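Trainee:
Residue numbers (this note's numbering): 334 to 838.
#1: With a Cβ-Cβ cutoff of 8 Å, do residue 673 and residue 642 count as a contact?
#2: Can you give me the Cβ contacts of residue 678 inside the same chain, cut-off strictly under 6 Å, excluding the 5 residues immediately before and after it?
#3: To which residues of the same chain is residue 724 closer than 6 Å at the C-beta, ignoring the five residues directly before and after it?
#4: Taking the continuous beta strand (DSSP E) assigned at residue 353, which residues delimit it?
#5: What did DSSP end up calling residue 365 once you bin it into helix, strand or coil?
#6: If I'm right that residue 811 touches residue 835 with Cβ under 8 Å, what's the distance once you round it to whole angstroms?
#7: Roughly how many angstroms separate the alpha carbons of residue 506 and residue 518, rounded to a whole number?
#8: Taking one C-beta from the stretch 406-413 and one from the stretch 373-386 each time, how about it: are there three or more such pairs within less than 8 Å?
#9: State the beta-bridge partners of residue 382 as determined by DSSP.
#10: Residue 686 and residue 664: beta carbons closer than 8 Å?
#11: In the DSSP output, what is residue 479 paired with across the bridge?
#12: What first and last residue would you give for the alpha helix (DSSP H) that runs through residue 826?
#13: Curious, which full-length alpha helix (DSSP H) runs of at least 4 residues does the stretch 783-817 contain?
#14: Cβ of residue 427 less than 8 Å from any chain C Cβ?
#15: Using the Cα positions of residue 697 and residue 794, report the straight-line distance between them to the nearest angstrom.
#16: Taking 8 Å as the cut-off, decide whether the C-beta atoms of residue 680 and residue 713 are in contact.
#17: Suppose only complete runs of 4+ residues qualify. What are the alpha helix (DSSP H) ranges in the stretch 744-782, listed by chain order?
#18: With a threshold of 8 Å, are at least 3 pairs of Cβ atoms found where one atom belongs to the stretch 414-422 and the other to the stretch 430-445?
#19: To the nearest angstrom, how far is it from the Cα of residue 637 to the Cα of residue 666?
#20: Check for me: the alpha helix (DSSP H) holding residue 457 runs from which residue to which?
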């Protein structure tokens, strides 16, 4: 360190500089001494990085960026592979078409006839339309990627301008506003932000909560700000996964696992950083601990949606620690445990939720699911009945009760439950499919096929296709059965299972 690198703030003279503040919203001098942490950067001490820590961080940032390069190269290579496959298919089509063109010139109609299935495929335009759809989606994604890069290029300049503007605004405010006026300004901004939050305008609401925090570090504004960040991250995650699903359906991506993992890692990083920020705010007494049980609850929900069940459980435990009567947190912790196949532990959580809220129909339903997974079907039915008693319009509970009855070979009783679920929710594809399975077990294959068709008219699930193939095979309609097995395979059903079914032919 330079020997004369000392602090220049008044009363801090000759204090040695310890490091740099990296908080993007901080308008003060970036270098800091010990007194600066206590007086200048007291609201964000964790963003004050000492020289020895900065070296470690720089190494980590290099590793992170190297990992990003590897991820980008992997995606590029996999896209290249898929593109080359499509090029070869198209070039093969062109070759066949040119050969046929020559055959037509030579009046070799018999040889042309051999390629009539190919001509029919071309005539239907299905293949060319599929390629065009792929190109359109790719163009959209390329443009979105360009827009994202342009936005990121703007950010450093925007941030620099923003810091200067914030510094000027803060200086003016410090000169003009009394403490009482600043609190009033904070409250006004908070009220506007809350109205926008209620109306679903998250980005605009966030701006007002940030404005409120400039005037006063009040816990309500922090609370709303963190809620918005969580919701926005959940929205981004669902949107990205939706885009990936479109690419999979268009056959651009056959193996989507790595893409999803990249997206999940990005979201996990944001969520864990947010959790760290919450802990710092509590530690610095900027917010009161007992006001943040719902923050941990929502963060747990977001992590659960990212399949980070263990991290979600930690958040639910924090929420319960802050609010021991938080029945929804016990219920959702149970769901996370169930997803980890820890059914007995999940049941304990559902029991706690029910103890706190005896009218919690969802907890009864979830407990029934956990019991069903333990093959305790009769106990599960008791829970489903309790859920239905509390909520007679609970279509999911009727469907789940039907599944438990089916596992007890009580197929007719199961069908009655599925009919109730469908009556309450006419678009309940799972209930139609499950009813079809019960009818199939009663050897009523034609009625089962009607149910599978109804399920498929709502959503094209590979499982429904496979089940229809089973029913058709049982009726002796092998040609149609084979067709539906192939449909299921092409839609993503397990290849080994389909191959096992095809061996029957």
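We put the beta carbon where it would ideally sit given N, CA and C, even for glycine. Fair warning: this is a prediction, and the values are worked out from it, not measured in the lab.
Mentor: Per the coordinate set shown:
#1: Looking up residue 673 in the chain shown gives position 340. Looking up residue 642 in the chain shown gives position 309. Contact flag set, yes.
#2: On the chain shown, residue 678 is found 345 positions in, with the first residue counted as 1. So the qualifying residues of the chain are 670.
#3: Along the chain shown, one-based indexing puts residue 724 at 391. Cβ within range, chain order: 694.
#4: Taking the chain shown and counting its residues from 1, one reaches residue 353 at position 20. Where residue 353 is concerned, the enclosing beta strand (DSSP E) stretches over 352-354.
#5: Translated into positions along the chain shown, residue 365 becomes position 32. Strand at residue 365.
#6: Counted from its first residue, the chain shown places residue 811 at position 478. Counted from its first residue, the chain shown places residue 835 at position 502. So it is not a contact: roughly 11 Å between Cβ atoms.
#7: Here the question's residue 506 lines up with position 173 in the chain shown. Here the question's residue 518 lines up with position 185 in the chain shown. Note that residue 506 has pLDDT 48, beneath the 50 cutoff, so the model's placement of it is unreliable and the number below is only indicative. Computed Cα separation, rounded: 11 Å.
#8: Of all C-beta pairs linking the stretch 406-413 to the stretch 373-386, fewer than three are shorter than 8 Å, placing the two stretches out of contact.
#9: Position 49 of the chain shown, counted from the start, is the residue given in the question as residue 382. In DSSP, residue 382 forms a bridge with 353.
#10: As a working note, residue 686 is residue 353 in the chain shown. As a working note, residue 664 is residue 331 in the chain shown. Going by C-beta atoms, residue 686 is nearer than 8 Å to residue 664.
#11: Reading the chain shown from its first residue, position 146 is the one you call residue 479. For residue 479, which the question treats as bridged, DSSP gives no partner whatsoever.
#12: Looking up residue 826 in the chain shown gives position 493. It is not in any alpha helix (DSSP H) - residue 826 carries neither H nor E in the DSSP assignment.
#13: Runs of the alpha helix (DSSP H) spanning 4 or more residues and lying entirely within the stretch 783-817 occur at 795-807, in chain order.
#14: Protein chain content of the structure displayed is limited to a single chain, and chain C is not contained in it.
#15: For this step, residue 697 is matched to residue 364 along the chain shown. For this step, residue 794 is matched to residue 461 along the chain shown. Between the C-alpha atoms of residue 697 and residue 794 there is a straight-line separation of about 28 Å.
#16: On the chain shown, position 347 is the one that residue 680 refers to. On the chain shown, position 380 is the one that residue 713 refers to. It is not a contact, given that the beta carbons lie outside the stated cut-off.
#17: 744-757 and 762-774
#18: no
#19: Counting from one through the chain shown, the residue named residue 637 turns up at place 304. Counting from one through the chain shown, the residue named residue 666 turns up at place 333. Computed Cα separation, rounded: 9 Å.
#20: Here residue 457 refers to the residue found at position 124 of the chain shown. Taken as a continuous stretch (DSSP letters only), the alpha helix (DSSP H) holding residue 457 covers 449-457.
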